[in-house]
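Asks:
Right under this line is the structure:
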């Protein structure tokens, strides 16, 4: 093993450890990995940022933009109406949602498809008096499976296709994934509809029946007693008498940053903070009844006249990820208050300002309706409040679909490379006014772009130092005497395992060169091995951290970390059982 190989393995080990630890966001870790590789001389300084102009990175960015425009065009209104008549039984409800997620994921990024359907799924769960936990995981997994069918459905497909282009001169085309992806998706959807949803822990059924949107019964929030409040001097027992018609419980009384139990004889003083547990609407009643301040950090005393409460889930890559609630000044400047938070369906019981936000957390926000509508999506959060779902600019729908279809056709027929076809489509949408420049940049998932731009040169360093050859030879030594098809299965298992603990795009970047080297050593075609990597990297069903969709449903579904494997493990086994024979039939060794 050479000195350069030792350094690149050490850097990759550090990358894996930091990604699994989760202390820093994956794009920051990936960029740091790139910088260390440059300083170590493994990546030439002149090529350090070549990954940001790489065809795979450009294609992923364009697909994210087009997915956002498509979701706002009204083009999918007809499809979403199919959910309503299917909600009469649990299996048909699950099947309709998962199937719709799969269909949408064939023509748009699977994270975007889930983002569109998540609020509607929660609303349909409430109307059907069904636990959201039974619907959201099947929806997430269904949208992941649908992404296997086309080139643009998921980033690993794009990454693997681009790598094949560099390897053979011809990348995988738009529908080269369809025979394998369609077989896997159909088998997976049948399993999810008939068996899979029954394996998900049943939490929150009674709450859904009572009309709550998802598996959070109450929040815990803090409210302040302002100066000259008419209730100053009253005991907490007297306050309870005043609010006996409101379903809110005073848990603690905080004075000068010291927490005191809420005893009945304790009197209110100006500046006291009361920690209360209540449902969102009861919080509003409690504050209004006693004339309290809802903005503990900001001292905001009077809510705006058109104020509303909104529940929103934090998506992976959100600008709020990793931030403390107490450090968020942007909300205060826009008159928006974080009233409470919950994680995995459970209200947070500590000091609100000390809460560090993670993907999947649900925030209870208070502010002007217009400001909430603008700021929440801009910060990378998904509104979950009950409302009629309207997908925006319906008159533009046919034109958006036409441009999108033309780009797909041009790329499929080989008239222009896919990154050029989609780049032209984005430019046409901007020039025609169907896509504002501000929305253009809002539509890009920047952490994913930074991840790809950073790791592509590092992946090149793995090849240039001979590290991929060393890994491939080691795997072949372990599997000596086994057939190429068995090696393919083992490679899929390894890739799935990595994808369950790492980002799926990062897994594809690392494993594609290794798969190609193994195929070369075995003297067989690289195509079945690359196709296996694309499938396995996308199918991360065991944890909430392996795929963005799984992280997105964590809070609204009230799931725990260990819930995913219950349905995810048999689904991953099914994927391998179906994928391997189909891959070998369509892409022979």
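Numbering (the working numbering), first residue to last: 3 to 591. We treat Cβ as the ideally placed atom computed from N, Cα and C, and that holds for glycine.
Rounding to the nearest angstrom, what Cα-Cα distance links residue 95 and residue 89 in this structure?
Replies: Residue mapping note: residue 95 aligns to position 93 of the chain shown, counting from 1. Residue mapping note: residue 89 aligns to position 87 of the chain shown, counting from 1. Each residue's Cα considered, the two are about 4 angstroms apart.
Asks: Would you mind stating whether residue 365 and residue 314 have Cβ atoms separated by less than 8 angstroms?
Replies: One-based indexing of the chain shown puts residue 365 at position 363. One-based indexing of the chain shown puts residue 314 at position 312. Yes. Within cutoff.
Asks: Bridge partners for residue 222 per DSSP, in chain order?
Replies: Position 220 of the chain shown holds residue 222. BP columns for residue 222 point to 279.
Asks: Using C-beta distances below 7 angstroms, list every residue in its chain close to residue 44, excluding the 5 sequence neighbours before and after it, in chain order.
Replies: Looking up residue 44 in the chain shown gives position 42. Excluding residues within five positions, the ones whose Cβ falls inside 7 angstroms are 6, 9, 10, 463, 467.
Asks: On the three-state DSSP scale, how would you describe residue 383?
Replies: Translated into the one-based positions of the chain shown, residue 383 becomes position 381. Three-state result, residue 383: strand.
Asks: How many Å lie between residue 494 and residue 412 at the Cα?
Replies: By one-based count along the chain shown, residue 494 stands at place 492. By one-based count along the chain shown, residue 412 stands at place 410. Using only the alpha carbons, I get a separation of about 32 angstroms.
Asks: Does the count of Cβ pairs from the stretch 517–530 and the stretch 563–572 closer than 8 angstroms reach three?
Replies: The stretch 517–530 is not in contact with the stretch 563–572.
Asks: Look at the alpha carbon of residue 244 and the alpha carbon of residue 336, and state the distance between them as a whole number of angstroms.
Replies: One-based indexing of the chain shown puts residue 244 at position 242. One-based indexing of the chain shown puts residue 336 at position 334. Computed Cα separation, rounded: 32 angstroms.
Asks: Could you check what DSSP says for residue 253 in three-state terms: helix, strand or coil?
Replies: Mapped onto the chain shown, residue 253 falls at position 251. Note: residue 253 maps to strand in three-state DSSP.
Asks: Given a threshold of 16 other Cβ atoms within 10 Å of its Cβ, counted over all protein chains shown, does residue 563 qualify as buried or as exposed?
Replies: For this step, residue 563 is matched to residue 561 along the chain shown. Exposed.
Asks: Where does residue 434 sit, in a helix, a strand or coil, going by DSSP?
Replies: Stepping through the chain shown from its first residue, residue 434 is reached at position 432. Note: residue 434 maps to coil in three-state DSSP.
Asks: Comparing C-alpha positions only, which one of 431, 414, 421, 420 sits nearest to residue 400?
Replies: Position 398 of the chain shown holds residue 400. Closest by alpha carbon: 431.
Asks: Could you please give the first and the last residue of the uninterrupted beta strand (DSSP E) stretch that includes residue 418?
Replies: Within the chain shown, residue 418 is the residue found at index 416, counting from 1. Taken as a continuous stretch (DSSP letters only), residue 418 belongs to no beta strand (DSSP E), as it is neither H nor E.
Asks: State the Cα-Cα distance for the pair residue 195 and residue 573, rounded to the nearest angstrom.
Replies: Against the chain shown, residue 195 aligns to sequence position 193. Against the chain shown, residue 573 aligns to sequence position 571. About 12 angstroms.
Asks: CA-CA distance, residue 487 and residue 548?
Replies: On the chain shown, residue 487 is found 485 positions in, with the first residue counted as 1. On the chain shown, residue 548 is found 546 positions in, with the first residue counted as 1. Between residue 487 and residue 548, the C-alpha separation is close to 26 angstroms.
Asks: With 16 as the cutoff for other CB atoms within 10 Å, does residue 212 come out buried or exposed?
Replies: Indexing the chain shown from 1 puts residue 212 at position 210. Its pLDDT being 40, under 50, residue 212 is placed unreliably by the model, and the measurement read from it follows with that caveat. With fewer than 16 other Cβ atoms within 10 Å, it is exposed.
Asks: If the criterion is Cβ atoms closer than 8 angstroms, does the pair residue 142 and residue 506 meet it?
Replies: The count along the chain shown starts at 1 and reaches residue 142 at position 140. The count along the chain shown starts at 1 and reaches residue 506 at position 504. No.
Asks: Does the stretch 411–430 come close enough to the stretch 281–289 that 3 or more CB-CB pairs lie under 8 angstroms?
Replies: They do not touch, by the three-pair rule.
Asks: Among all the DSSP beta bridges, which residues are the ones paired with residue 516?
Replies: For the purposes of this step, residue 516 is taken as the residue at position 514 of the chain shown. DSSP output for residue 516 lists no bridge partner at all.
Asks: If the criterion is Cβ atoms closer than 8 angstroms, does the pair residue 475 and residue 544 meet it?
Replies: Position 473 of the chain shown, counting from 1, holds the residue named residue 475. Position 542 of the chain shown, counting from 1, holds the residue named residue 544. No, these two residues do not count as a Cβ contact at 8 angstroms.
Asks: Consult DSSP for residue 556 and reduce its assignment to one of helix, strand or coil.
Replies: Taking the first residue of the chain shown as 1, we reach residue 556 at position 554. Three-state DSSP puts residue 556 in coil, outside helix and strand.
Asks: Could you give the first and the last residue of the continuous alpha helix (DSSP H) run that contains residue 480?
Replies: Numbered from 1 along the chain shown, position 478 holds the residue referred to as residue 480. Taken as a continuous stretch (DSSP letters only), the alpha helix (DSSP H) holding residue 480 covers 469–480.
Asks: List the DSSP bridge partners of residue 316.
Replies: By 1-based counting over the chain shown, the position of residue 316 is 314. According to DSSP, which records beta bridges pairwise, residue 316 is partnered with 383.
Asks: Taking a contact to mean a Cβ-Cβ separation below 8 angstroms, would you say residue 362 touches residue 138 in this structure?
Replies: For the purposes of this step, residue 362 is identified with residue 360 of the chain shown, where counting begins at 1. For the purposes of this step, residue 138 is identified with residue 136 of the chain shown, where counting begins at 1. No. Outside cutoff.
Asks: Answer yes or no: do residue 254 and residue 284 have a C-beta to C-beta separation smaller than 8 angstroms?
Replies: Taking the first residue of the chain shown as position 1, residue 254 is located at position 252. Taking the first residue of the chain shown as position 1, residue 284 is located at position 282. Against a cut-off of 8 angstroms, the Cβ pair of residue 284 and residue 254 comes out as no contact.
Asks: Could you give the first and the last residue of the continuous beta strand (DSSP E) run that contains residue 323?
Replies: The residue given as residue 323 occupies position 321 in the chain shown. Note, residue 323: premise wrong, no beta strand (DSSP E); not H, not E.
Asks: From residue 113 to residue 120, what does the alpha carbon distance come to, in whole angstroms?
Replies: Along the chain shown, one-based indexing puts residue 113 at 111. Along the chain shown, one-based indexing puts residue 120 at 118. Approximately 10 angstroms between the Cα atoms of the pair.
Asks: Looking only at its chain, what residues have a beta carbon closer than 6 angstroms to the beta carbon of residue 301, apart from the 5 residues adjacent to it on each side?
Replies: Position 299 of the chain shown, counted from the first residue, corresponds to residue 301. Residue confidence for residue 301 is low, a pLDDT of 45 falling below 50, so the modelled location carries little weight and cannot support an answer.
Asks: Report the three-state DSSP secondary structure of residue 342 (helix, strand or coil).
Replies: Reading the chain shown from its first residue, position 340 is the one you call residue 342. Strand, per DSSP.
Asks: In the DSSP assignment, what are the bridge partners of residue 260?
Replies: Translated into the one-based positions of the chain shown, residue 260 becomes position 258. Note: residue 260 sits in a beta bridge opposite 257.
Asks: Report buried or exposed for residue 159, applying the criterion of at least 16 other Cβ atoms within 10 angstroms of its Cβ.
Replies: Position 157 of the chain shown, counting from 1, holds the residue named residue 159. Answer is buried; the Cβ neighbour count reaches 16.
Asks: Looking at residue 473 and residue 516, is the spacing between their C-beta atoms short of 8 angstroms?
Replies: One-based indexing of the chain shown puts residue 516 at position 514. One-based indexing of the chain shown puts residue 473 at position 471. Yes, they are a contact pair.
Asks: Quick one: Cα of residue 225 to Cα of residue 16, how far?
Replies: Locating residue 225 in the chain shown gives position 223, counting from the first residue. Locating residue 16 in the chain shown gives position 14, counting from the first residue. Their Cα atoms are separated by approximately 43 angstroms.
Asks: Report the option in 275, 132, 153 whose CA atom is closest to the CA atom of residue 533.
Replies: Reading the chain shown from its first residue, position 531 is the one you call residue 533. Nearest of 275, 132, 153 to residue 533, Cα basis: 153.
Asks: I need the straight-line Cα distance from residue 33 to residue 53, nearest angstrom please.
Replies: In the chain shown, residue 33 corresponds to position 31, counting from 1. In the chain shown, residue 53 corresponds to position 51, counting from 1. One C-alpha to the other measures close to 11 angstroms.
Asks: Determine the burial state of residue 595: buried for a count of at least 16 other Cβ atoms within 10 Å of its Cβ, exposed for fewer.
Replies: This structure cannot settle anything about residue 595, because the visible part of the chain is limited to 3 through 591.
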